[in-house]
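Novice:
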Amino acid sequence: MPVLAGALLLIGIAATVLSGCKTARRESDLPWNQRQTWEGAPALPAGFGSH
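Counting from 38, one number per residue, gives the positions in the sequence shown under this note's numbering.
1. What's the gap between the Cα of I48 and the Cα of G77?
2. Using the Cα positions of T8 and A80, report the straight-line distance between them to the nearest angstrom.
3. So what does DSSP say about A80, is it helix, strand or coil?
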């Protein structure tokens with residue numbers, strides 16, 4: 038009996054973990070892939086690294 042309870046617990050945990058990243062719809066309203074303002078900006082101001 039304890040083995041069955043442990044197996045059911047592991048199955049329940051695995052189902053929770055695997056379904057945690059699923060979305061209900063194929064398309065999402067959230068803008069996941071929008072380019073951010075800091076992307077593509079220079080890392081340092083011009084002349085900052087020169088001696």
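Ideal Cβ positions, reconstructed from N, Cα and C, are used throughout, including at glycine.
Specialist: Once the coordinates are examined:
1. 45 Å
2. Absent from the model: residue 8. The displayed extent of the chain is 38 to 88, so no value can be given.
3. coil
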